[in-house]
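Following: one structure in structure tokens, then a few remarks.
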Amino acid sequence: MPTSHVTISASQLDIGHGLHTVAHDINMQMHSGELLVLIGTNGSGKSTLLKTLAGMIAPIRGEVTVLGTQPGGSPRRVAYLPQHPVSSHTLPLRARDIVAMGRYAHLGLFRRAQKADRLIVEDTMHRTGATEFAESPLRDLSGGQQQRTHLAQVLARQAEVLLLDEPTAGLDLSGKYAIAEIIAAERARGVTVVLATHDLQDAESATAVMLLAQRVVAFGPPSVALSDDNVRACFGFTQPH
Amino acid sequence: MISQFALLEPLWEPFSSNEFLRNALLASSLVAIICAIAGTYVVLRGLSFIGDALAHGVIPGIAIALLFGVPGVIGAAIGAVVMMGGVATITAKVRLSSDTAIGLLFVGMLALGVIITSRSTSFVGDITRILFGELLGVAAADLGWQIVVLVVVAGIAIVAHRPFVLMSLDDGLARTSGFSVKFFHGLMLAMVAMAIVGSFQLVGTLLVLGMLIAPAATGALLARRVSTMMATATVFGVVSSYVGLLASYHFDLAAGASIVFTAVYLFGFVAVLTIPRRLRGHRELPHQHEHAH
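Residue numbers (this note's numbering), protein chains in the order written: chain A, 4 to 244; chain B, 6 to 298.
Here it is in structure tokens:
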């Protein structure tokens, strides 16, 4: 595994939209190869934190850096999968074209896509199981197929930090396993993964778990953060053992 | 054989014998190409309403230009810049839904255009020309100007294709890919404004939206790729120009309106033809999902 270095750092970070704070006083440090799982109900601040790390919304207060720069400062090295990627019925784009867009951050306005770029696109489609519908227009794909396409696009950027907002939503069991495998493989190559989810099972292999309920309920290794008290404070009930 | 050709003569004879009509076909084909390029992004990004607002926003500029004897194109360009500024301010600052605010801005500009034109001595002639175009009065200089617009619009599309397509999918995706959404949105509006300024003299400000949207929308129904959509839009735009002009010549109809009507009619025709395919596509979704492993 590559040597571990700090990739994401936040201190006394308040996040939210405009003047409305969604969660405050977030402190954390993540390293390469680590997995941070964000757990919480709808509106708990998971998506807001991911968007802040992606540079799509500005932090309200505090310090946050991703790969040593302001969030959004290194688009080639950070990839973000939003919670509800577009599923437009008008766009004449094939699944393959959508995945190829993952290379645009590297190609900029003028550089032509090389053979290496095309190989990366094919490889990521294979990994997410998108190859069989590569030629189909996005508008003809099911929700799960669209999700696999968007995930392939995010992977095609070959980023060092992956920000994934509920990537398993709309996927069947085999899709969920595929994503778990992909996350493990990305971590093995030194990628830091931040994953937002409702599913406590997703947290089992995490380096750290952050329980959010419009505040940080708990932050730490899964065995500590996912105590019954913390889970009750986050969701209002505990899981049956 | 000869008699068969003679039967088909009405299809090309008007263009070979009449220089005005030939120029009109050339000019409207150039408009079709310009509008196919700009219109593709308008349809992809869902800017039809802003496009319509821009088309009407240029009217006061043209009216003032005509009043002072300046070429209408210059007035239209200034009007487009003012309108783009208005649209940008509204979408950023006003706390109404942007379609309400843009709608008000555009009827306001239309009314202002009519008021200014009503001061001119040939009110009815001027306002008709502005709104519905003057296809059969195209001069060689107009064609040169249109070629310049075509080169600029195509240039913008080539340079900004990647951010434009990313923004069609999602602004956030464009931003996280390292492209400034503010800049490229502005550039897209500027490209649409240029297409309008380059086309209004032929089909008029009221009808230019039809050329911008109808062929591109037809392309979207048929194509699987953006490049194919643009090429299809060009073909449908040029065919609409030819059919519209021919109908206008043989049946003595308004030229600009005939072209735009043909383009919209062709869209409707293709939309109906492709309904079964689209319905079939949606019915197959659950089935495809089960086997998508």
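No residue lacks a Cβ here, since even glycine has one placed at the ideal position from N, Cα and C.
{"Check": "For chain A, is any of its Cβ atoms less than 7 Å away from the one on G90/B?", "Outcome": "no"}
{"Check": "List, in chain order, every chain B residue whose beta-carbon is nearer than 9 Å to that of A57/A.", "Outcome": "G177, R180, T181"}
{"Check": "Would P15/B be called buried (16 or more neighbouring beta carbons within 10 Å of its own) or exposed?", "Outcome": "exposed"}
{"Check": "How would you label F241/B, buried or exposed, when you count the other beta carbons within 10 angstroms and need 16 or more for buried?", "Outcome": "buried"}
{"Check": "Could you check what DSSP says for M4/A in three-state terms: helix, strand or coil?", "Outcome": "Because M4/A sits at a pLDDT of 48, beneath the cut-off of 50, its placement in the model cannot be relied upon, and the point is left open."}
{"Check": "By the 10 Å Cβ neighbour count, where 16 or more other Cβ atoms means buried, how is S35/A classified, buried or exposed?", "Outcome": "buried"}
{"Check": "What does L214/B touch in chain A if you count any residue whose Cβ is under 7 Å from its own?", "Outcome": "Within chain A, no residue comes near L214/B; the closest Cβ sits about 17 Å away, beyond 7 Å."}
{"Check": "Would you check whether the ligand GDP has a heavy atom nearer than 6 Å to the C-beta of G51/B?", "Outcome": "Absent from the structure shown: the ligand GDP. Ligands present: none."}
{"Check": "For chain A, is any of its Cβ atoms less than 7 Å away from the one on V164/B?", "Outcome": "yes"}
{"Check": "Taking only the alpha-carbon atoms, compute the straight-line gap between T181/B and R27/B and give it to the nearest angstrom.", "Outcome": "49 Å"}
{"Check": "Measure the alpha-carbon distance for H61/B versus V208/B and round it to whole angstroms.", "Outcome": "13 Å"}
{"Check": "In the region 231-244 of chain B, which residues sit with their C-beta less than 8 Å from some C-beta in chain A, listed in chain order?", "Outcome": "V231, T233, M234"}
{"Check": "Could you name the residues of the same chain whose beta carbon sits closer than 8 Å to that of V202/B, not counting the 5 residues immediately before and after it, in chain order?", "Outcome": "V63, V78, A81, A82, A85, V154"}
{"Check": "Could you tell me if K54/A is buried or exposed, where buried requires 16 or more neighbouring beta carbons within 10 angstroms of its beta carbon?", "Outcome": "buried"}
{"Check": "Flag A228/B as yes if its beta-carbon sits less than 7 Å from any beta-carbon of chain A, otherwise no.", "Outcome": "yes"}
{"Check": "Compare the beta carbon distance of T210/A and E37/A with 7 Å and say whether it is the shorter of the two.", "Outcome": "yes"}
{"Check": "Kindly list, in the order they appear in chain B, the residues whose Cβ is closer than 7 Å to that of D231/A.", "Outcome": "Within 7 Å Cβ-Cβ: nothing; D231/A doesn't reach chain B, min ~36 Å."}
{"Check": "I38/B and T267/B: beta carbons closer than 7 Å?", "Outcome": "no"}
{"Check": "State the Cα-Cα distance for the pair G108/B and G177/B, rounded to the nearest angstrom.", "Outcome": "26 Å"}
{"Check": "So which residues of chain A does A225/B contact, with C-beta pairs closer than 9 Å?", "Outcome": "T93, L94, P95"}
{"Check": "Any idea if L22/A is buried or exposed, counting beta-carbon neighbours within 10 angstroms, 16 or more meaning buried?", "Outcome": "exposed"}
{"Check": "Between the Cα of G76/A and the Cα atoms of S14/A, A57/A, D126/A, M33/A, which residue gives the shortest distance?", "Outcome": "A57/A"}
{"Check": "Is P19/B helix, strand or coil when you go by DSSP?", "Outcome": "helix"}
{"Check": "For V186/B, go through chain A and note every residue whose CB falls closer than 8 Å to its CB, in chain order.", "Outcome": "Those within 8 Å of V186/B in chain A number zero; the least Cβ separation is about 10 Å."}
{"Check": "Residues of chain B with CB closer than 8 Å to the CB of R79/A, please, in chain order.", "Outcome": "G183"}
{"Check": "By the 10 Å Cβ neighbour count, where 16 or more other Cβ atoms means buried, how is S208/A classified, buried or exposed?", "Outcome": "exposed"}
{"Check": "Tell me the rounded alpha-carbon separation between L112/A and I161/B.", "Outcome": "11 Å"}
{"Check": "Determine, using beta carbons only, whether R50/B comes closer than 7 Å to chain A.", "Outcome": "no"}
{"Check": "So S14/A is in the beta strand (DSSP E); what residue range does that whole segment cover?", "Outcome": "9-20"}
{"Check": "Hey, out of L13/B, F272/B, L35/B, A276/B, whose CA is closest to G149/B's CA?", "Outcome": "L35/B"}
{"Check": "Determine the burial state of I135/B: buried for a count of at least 16 other Cβ atoms within 10 Å of its Cβ, exposed for fewer.", "Outcome": "buried"}
{"Check": "Any Cβ of chain B within less than 7 Å of the Cβ of L112/A?", "Outcome": "yes"}
{"Check": "If distances are taken between C-alpha atoms only, which option among M104/A, L158/A, P140/A, T24/A comes closest to D126/A?", "Outcome": "L158/A"}
{"Check": "Extract the residue ranges of the alpha helix (DSSP H) inside the region 62-133 of chain A, only unbroken runs of 4 or more that lie entirely within it.", "Outcome": "98-103, 107-110, 118-131"}
{"Check": "By the criterion of Cβ-Cβ separation under 9 Å, what are the contact partners of M104/A in chain B?", "Outcome": "R167, V170, L171, L174, L178, S182"}
{"Check": "What did DSSP end up calling P140/A once you bin it into helix, strand or coil?", "Outcome": "strand"}
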